[in-house]
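*Asks:* In UniProt numbering, the protein residues as written are 1 to 451.
Even glycine gets a Cβ: it sits at the ideal position worked out from N, Cα and C.
Just so we're clear, the structure is a prediction, and the values are computed from it rather than from any experiment.
Mind looking over this structure? Questions follow.
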Amino acid sequence: MDVSGLDDMLLDESSMEGSSQESLTGRFEDLFASHNKGFLPIVDPLPSADESLAISEVPSPHNPVSSKLDSTSTILPKSSERASQVTKDRYYVITKIESIFEGVVDALLDYEERMILSMCSRKNLSRSGSRNDMHDPESKLDGSKEISFPGRTAQEAWRFTVVFRILEMVHDALVNNILITKRDIYYHDPNLFTKQEIVDRYVDDIAYTFEVPRSLLNVRATAKGLVAGRFELHKRDGSIIAGSTEKEGYLVPHPKDISHACVEAAEWILVVEKEATFCSIVNSHPGQSLLSKGIIITGKGYPDIATRAFLRALVVPSTWNLFSSPKSYALVDYDPDGLAILSTYKHGSRALPHENMDIAIGTIEWLGLNSSQAIADREVVDYQQGLVTLSDRDRRRANQLLDDAPFREAGPERAWRRELQVMLVLNMKAEMQICDSDVKGLSRWLEVHLS
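Structure follows, in structure tokens:
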């Protein structure tokens, strides 16, 4: 689901079924009271949260001073101005959150009629904005949104309560220096959040507003990627994961859980788009021979942050991987989504621009499928096995990608752009299963193209 679609879901009143303004007000007060008991101030404060995610005061008859303030102002200074002043670490995030809590306390004590959280929304990112543009902090300043409490509707009050509840749990995790997952957050209060996607959206919006990677919130997504092959991962608890011992592959671990990785024996690292393709390779006899030479990873479609971070850690020379630098390749379907997935690995995600610098793999190479590989044996290929006509949705997606930074005419991936244009002209796409038309299947195809 793309960001705009998710935002529509978040604005759907059905998520609020059974809620009322009064019940949400009571829920927020309960949350605030329970959190306030464990409030832990930081002795050495960093710049306050009014730089990013802020409480804005609204004029109130009970507070003549507040009536002089701009009730709709969003305090979001240029990030470039503060980048040289602040070290963004765990304590920075704690201080930001506690400043927000202090703003809530002040607003309550001053009998403010409403409190407003000002956030930056990733929904407003331009589809054609380049990856470099997204690293520019100023590019998001016009994407702010306000959430008020009590809101004009029950839904708005609910959104405020959701954000405050997430901030509370993130603060507790940071103060106690423990890691939590998005699933942990959701199951802590499923009646409030209603859907896992809502937690996912607001956690990433909070990190984007603070301009920190999600890891600095001490929040992880549950890993979905799989890895198998010639490697050893030495965990911090002393145990060792040997890639050759598990036929089904291992769930991708978080690099921080690994003290170091031994990958110097791997000749290459191959990323495959689909879990089915991954399983087909690792469970076949020819595939086992292939795995003795390298490492295979799948993100099960569009990759999550954990898979991309793990892949980058394997590829980029560092003390973590004992300064190894195996070549990395990607095998994806010859369709618009396949190329978009390839772009996500190499250039990053438009939905999470604040993460891209640390998890993009700029050296990854496109192994296939491309038009020449898909059409080379067109006379003997069964169309039902791989070649299909583009759908209307495929054509729309391809045209969107042509306007994306890496695919532009002056962009870094001109070969990708040409392949998209060929795809549109031929009105054809191909799945990786087309490689199985070879009598020895995909593993043989990979042996030829990886050698």
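Using the DSSP secondary-structure output, state which residues sit across from Phe149 in a beta bridge.
*Replies:* The residue given as residue 149 occupies position 149 in the sequence shown. DSSP lists Met115 as partners of Phe149.
*Asks:* Using a Cβ-Cβ cutoff of less than 7 angstroms, which residues in the same chain neighbour Cys435 once the five nearest sequence positions on both sides are dropped?
*Replies:* Along the sequence shown, one-based indexing puts residue 435 at 435. Result list for Cys435: Leu442, Trp445, in chain order.
*Asks:* Which of the three DSSP states is assigned to Ala351 in this structure?
*Replies:* Working through the sequence shown from its first residue, we reach residue 351 at position 351. DSSP places Ala351 in coil when its eight states are reduced to three.
*Asks:* Where does Ile361 sit, in a helix, a strand or coil, going by DSSP?
*Replies:* The residue given as residue 361 occupies position 361 in the sequence shown. It is coil, neither helix nor strand.
*Asks:* Along the chain, where does the beta strand (DSSP E) that runs through Ser328 open and close?
*Replies:* Translated into the one-based positions of the sequence shown, residue 328 becomes position 328. Here the beta strand (DSSP E) through Ser328 covers 327–331.
*Asks:* How should residue 455 be labelled, buried or exposed, when 16 other C-beta atoms within 10 angstroms of its C-beta is the threshold for buried?
*Replies:* Residue 455 falls outside the range modelled here, since the chain spans only 1 to 451, and no answer is possible.
*Asks:* Please classify Ile240 as buried or exposed, where buried requires at least 16 neighbouring CB atoms within 10 angstroms.
*Replies:* Sequence index remark: in the sequence shown, residue 240 carries index 240 (1-based). Under this definition Ile240 is an exposed residue.
*Asks:* Taking C-beta to C-beta, are Arg220 and Thr245 nearer than 7 angstroms?
*Replies:* The residue you call residue 220 lines up with position 220 of the sequence shown. The residue you call residue 245 lines up with position 245 of the sequence shown. No, the pair does not count as a contact, with Cβ atoms beyond the cut-off.
*Asks:* Using CA coordinates, which residue listed in Ser343, Asp335, Asp403, Ala410 is at the minimum distance from Ala430?
*Replies:* In the sequence shown, counting from the first residue as 1, residue 430 sits at position 430. Out of Ser343, Asp335, Asp403, Ala410, Asp335 has the C-alpha closest to the C-alpha of Ala430.
*Asks:* Roughly how many angstroms lie between the CA atoms of Leu167 and Gly225, to the nearest whole one?
*Replies:* Counted from its first residue, the sequence shown places residue 167 at position 167. Counted from its first residue, the sequence shown places residue 225 at position 225. Approximately 27 angstroms, taken between the alpha carbons.
*Asks:* May I have a chain-ordered list of the beta strand (DSSP E) segments no shorter than 3 residues that lie completely inside the region 224–256?
*Replies:* Those beta strand (DSSP E) runs which fall completely within the region 224–256 and span 3+ residues are 226–229, 232–235, 240–242.
*Asks:* With DSSP run on the structure shown, which of helix, strand or coil describes Leu179?
*Replies:* Position 179 of the sequence shown, counted from the first residue, corresponds to residue 179. Coil.
*Asks:* Can you tell me whether Arg220 is helix, strand or coil according to DSSP?
*Replies:* Here the question's residue 220 lines up with position 220 in the sequence shown. Reduced to three states, the DSSP call for Arg220 is strand.
*Asks:* Give the secondary structure of Thr194 by DSSP, where H, G and I count as helix, E and B as strand, and everything else as coil.
*Replies:* By 1-based counting over the sequence shown, the position of residue 194 is 194. Coil, per DSSP.
*Asks:* Taking buried to mean at least 16 other C-beta atoms within 10 Å of its own C-beta, is Pro190 buried or exposed?
*Replies:* One-based indexing of the sequence shown puts residue 190 at position 190. It is exposed - the Cβ of Pro190 has fewer than 16 other Cβ atoms within 10 Å.
*Asks:* Residues bridged to Thr298 by DSSP?
*Replies:* Sequence index remark: in the sequence shown, residue 298 carries index 298 (1-based). DSSP lists Leu226, Val272 as partners of Thr298.
*Asks:* Does the Cβ of residue 457 have 16 or more other Cβ atoms within 10 Å, making it buried, or fewer, making it exposed?
*Replies:* Absent from the model: residue 457. The displayed extent of the chain is 1 to 451, so no value can be given.
*Asks:* Please name the residue or residues paired with Val282 in a DSSP beta bridge.
*Replies:* For the purposes of this step, residue 282 is taken as the residue at position 282 of the sequence shown. According to DSSP, which records beta bridges pairwise, Val282 is partnered with nothing at all.
*Asks:* Can you list, in chain order, the residues of its chain whose CB lies under 7 angstroms from that of Ser148, leaving out five sequence neighbours each side?
*Replies:* As a position in the sequence shown, residue 148 is number 148, starting the count at 1. Closer than 7 angstroms at the Cβ level, and outside the excluded window around Ser148, lie Arg114, Met115, Ile116, Glu156, Phe160.
*Asks:* Alpha helix (DSSP H) containing Lys96: first to last residue?
*Replies:* One-based indexing of the sequence shown puts residue 96 at position 96. Its alpha helix (DSSP H) spans residues 90–109.
*Asks:* Between the Cα of Gly294 and those of Val282, Ile305, Asp304, Gly301, spot the shortest distance and give me the residue it belongs to.
*Replies:* Translated into the one-based positions of the sequence shown, residue 294 becomes position 294. Per the Cα distances, Val282.
*Asks:* Kindly give me the distance between the Cβ atoms of Ile198 and Leu233, rounded to whole angstroms, as I take these residues to be in contact under 8 angstroms.
*Replies:* On the sequence shown, residue 198 is found 198 positions in, with the first residue counted as 1. On the sequence shown, residue 233 is found 233 positions in, with the first residue counted as 1. Actually they do not touch by this definition, with Cβ atoms about 33 angstroms apart.
*Asks:* Measuring only the C-alpha atoms, how far is Leu109 from Phe210?
*Replies:* Residue numbering aside, residue 109 sits at position 109 when the sequence shown is read from its first letter. Residue numbering aside, residue 210 sits at position 210 when the sequence shown is read from its first letter. Distance between the alpha carbons of Leu109 and Phe210: 26 angstroms.
*Asks:* Please list the terminal residues of the continuous alpha helix (DSSP H) segment that includes Ala313.
*Replies:* Here residue 313 refers to the residue found at position 313 when the sequence shown is read from its first residue. Unbroken alpha helix (DSSP H) run through Ala313: 305–315.
*Asks:* Tell whether a beta-carbon distance below 7 angstroms holds between Ile364 and Tyr345.
*Replies:* By 1-based counting over the sequence shown, the position of residue 364 is 364. By 1-based counting over the sequence shown, the position of residue 345 is 345. The answer is yes: Cβ separation under 7 angstroms.
*Asks:* Going by other Cβ atoms of all chains shown within 10 Å of its Cβ, with 16 needed for buried, is Val425 buried or exposed?
*Replies:* If you number the sequence shown from 1, residue 425 lands on position 425. It is exposed - the Cβ of Val425 has fewer than 16 other Cβ atoms within 10 Å.
*Asks:* I need the straight-line Cα distance from Leu342 to Gln433, nearest angstrom please.
*Replies:* Along the sequence shown, read from residue 1 onward, the residue named residue 342 stands at position 342. Along the sequence shown, read from residue 1 onward, the residue named residue 433 stands at position 433. Taking the straight line joining both Cα atoms gives about 18 angstroms.
*Asks:* Put Val212 into one of helix, strand or coil per three-state DSSP.
*Replies:* By one-based count along the sequence shown, residue 212 stands at place 212. Three-state DSSP puts Val212 in coil, outside helix and strand.
*Asks:* Using 10 angstroms around the beta-carbon of Ser67, count the other beta-carbons present and answer buried if the total reaches 16, otherwise exposed.
*Replies:* Position 67 of the sequence shown, counted from the first residue, corresponds to residue 67. With a pLDDT of 32 at Ser67, under the threshold of 50, the modelled position of that residue is not reliable, and no figure is offered here.
*Asks:* Measure the alpha-carbon distance for Ala340 versus Val105 and round it to whole angstroms.
*Replies:* By 1-based counting over the sequence shown, the position of residue 340 is 340. By 1-based counting over the sequence shown, the position of residue 105 is 105. One C-alpha to the other measures close to 45 angstroms.
*Asks:* Identify the residues that DSSP records as bridge partners of Ser292: which are they?
*Replies:* The residue you call residue 292 lines up with position 292 of the sequence shown. Note: Ser292 sits in no beta bridge, so no partner.
*Asks:* When the Cα of Pro255 is compared with those of Val316, Glu248, Glu273, Lys274, which residue comes out closest?
*Replies:* Residue 255 sits at position 255 when you count from the first residue of the sequence shown. Out of Val316, Glu248, Glu273, Lys274, Val316 has the C-alpha closest to the C-alpha of Pro255.
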